[in-house]
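First up is the structure itself, then whatever we jot down about it.
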Amino acid sequence: MNQDQLDILKRALKREKLARKAAEKILEEKSRDLYFTSQKLEQHLDEKSSQLQGIFENIVDAYIIMDTNNGNVLKFNEEATRLFGYDAEKETVNVTNLIYEKDIEYAKRFFLKLQVKGYFKNCEVRVYTKSNEVRWVHVNASMVFDKHKNSIAAQGIVRDITDQKKSEKKLIESENRLSALIKNLETGVLVEDENRNVILANQKFCELFNISVSIEELIGKNFTNITERKKHFFKKPELVVKREKEILKNKKMVVGDQLFLADGRVIDCDFIPIDIDNISAGYMSTYKDVT
Numbered sequence: 000m001n002q003d004q005l006d007i008l009k010r011a012l013k014r015e016k017l018a019r020k021a022a023e024k025i026l027e028e029k030s031r032d033l034y035f036t037s038q039k040l041e042q043h044l045d046e047k048s049s050q051l052q053g054i055f056e057n058i059v060d061a062y063i064i065m066d067t068n069n070g071n072v073l074k075f076n077e078e079a080t081r082l083f084g085y086d087a088e089k090e091t092v093n094v095t096n097l098i099y100e101k102d103i104e105y106a107k108r109f110f111l112k113l114q115v116k117g118y119f120k121n122c123e124v125r126v127y128t129k130s131n132e133v134r135w136v137h138v139n140a141s142m143v144f145d146k147h148k149n150s151i152a153a154q155g156i157v158r159d160i161t162d163q164k165k166s167e168k169k170l171i172e173s174e175n176r177l178s179a180l181i182k183n184l185e186t187g188v189l190v191e192d193e194n195r196n197v198i199l200a201n202q203k204f205c206e207l208f209n210i211s212v213s214i215e216e217l218i219g220k221n222f223t224n225i226t227e228r229k230k231h232f233f234k235k236p237e238l239v240v241k242r243e244k245e246i247l248k249n250k251k252m253v254v255g256d257q258l259f260l261a262d263g264r265v266i267d268c269d270f271i272p273i274d275i276d277n278i279s280a281g282y283m284s285t286y287k288d289v290t
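If you read the sequence shown in numbering that gives the first Met the number 0, its first letter stands for residue 0, the second for the next number, and so on.
As C-alpha cells, then:
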C-alpha cells in the first residue's frame with residue numbers, strides 16, 4: 000500500500016469517526032429529550048392522578064366504585080365511609096346487602112339499565128348502614144370502561160336525601176290535614192294556581208254557586224271559564240267580571256267584597272294572593288252567604 004492509498008484510508012477513517020461521533024451526539028440528544036419528555040409525562044400523570052384523587056376524596060357526596068362481577072365495593076371516598084359506616088379497604092362490602100329489603104326489586108331495574116345503557120340517573124332508594132339504620136339516598140351511576148371499551152367497574156355518586164324525604168312527608172301530611180279541614184268548612188273555599196286552574200275546592204263552594212260537578216272533576220278546570228259560564232248567576236255579571244279582573248291585576252288581599260247573586264243572595268268574598276319568594280303561585284278565595 001503506497002502513501003497515497005494510506006492517506007485516503009486515514010481520511011476515510013477520520014470521516015467515519017466524525018460521522019460516528021455526530022451520530023452518537025444526535026442519539027445522546029434524542030435520548031436526553033426522550034428522558035425529559037418521559038419525566039414530564041410521568042409528572043403530568045402524577046399530577047392528574049393527584050388531582051383525581053383529590054376530587055375523589057373531597058367530593059361532597061358519597062362516591063363508590065363497585066366490581067360489576069360480584070357487586071363488591073372496590074373503593075369508598077370519605078363521605079361514603081361516613082354515610083354507610085364501613086371501611087371498604089378493611090371490610091368486604093357488597094352493594095346488594097346495602098339495599099333496603101323492600102327496595103331490592105326496584106333497585107334491580109336500575110342495575111339492569113346500568114348494564115344495558117351504561118348508566119342510570121335519579122334512583123331514589125333506601126339503604127342500610129353498618130349500624131342497621133335506614134337512610135334514603137339518590138344515586139346516579141355509570142360504567143367504567145378500559146381503553147378497549149370493556150367494562151371493568153361501575154361508579155356511583157350517592158347523595159343522602161333522608162332529611163329531604165322527612166320534610167316531604169311532613170309537607171304531604173300537612174297538605175292532607177289542610178285539605179281535610181278546607182273540605183269540611185262551612186265557608187266556601189277555592190284555591191287556584193297562577194294560571195287560574197283549580198287546585199282545591201270544597202263542597203260548600205260548589206253548593207253556594209250551584210256547581211253540579213264533583214270536587215274531583217273540578218280540580219284542574221280553569222276558573223276563568225267557569226266564571227264565564229256562570230255569568231247569569233250574578234245580578235250584574237259585567238260588574239263581577241270587571242271587579243275580578245281588577246283584583247287579579249292588583250294582586251293584593253281583599254277582605255269583605257260582596258257578590259250579589261241573581262236569586263237575591265249576598266255572598267261575602269275574601270281574596271288572598273299566594274306568593275312564594277315574591278313570585279305569584281296562585282290565589283285563595285273564601286265565600287260566605289251573609290244574606
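Idealized CB from N, CA, C, for every residue including glycine.
Taking C-alpha positions only, Met65 is separated from Lys169 by approximately 35 Å. Phe270 places its beta carbon less than 8 Å from that of Val253. Measuring C-alpha to C-alpha distances from Ser279 to each of Glu191, Asp145, Lys74 and Ser173 identifies Glu191 as the nearest. Across the structure, Leu199 and Glu193 are spaced so that their CA atoms are roughly 13 Å apart. Each residue's CA atom was taken as its position, placing Val212 and Tyr118 some 47 Å apart. DSSP, read as helix, strand or coil, puts Asn201 in coil.
The beta strand (DSSP E) runs lying completely inside the segment 152-194 and spanning 3 residues or more are 187-191, given in chain order. Minimum Cα-Cα distance from Asp256 among the listed residues Asn121, Ile266 and Asp86 corresponds to Ile266. For Glu123, the enclosing beta strand (DSSP E) has its first and last residue at Tyr118 to Tyr127. Rounded to whole angstroms, the separation of the alpha carbons of Lys120 and Asp145 is 22 Å. Taking C-beta separations shorter than 8 Å and ignoring five residues to either side along the sequence, Asn249 has no partners in its chain. When DSSP states are grouped into helix, strand and coil, Thr223 belongs to the helix group. In its chain, beyond the 5 residues on either side, Phe259 have a beta carbon closer than 8 Å to the beta carbon of Lys235.
For Gly187, the closest of Gly70, Phe75, Glu104 and Cys268 by C-alpha to C-alpha distance is Cys268.
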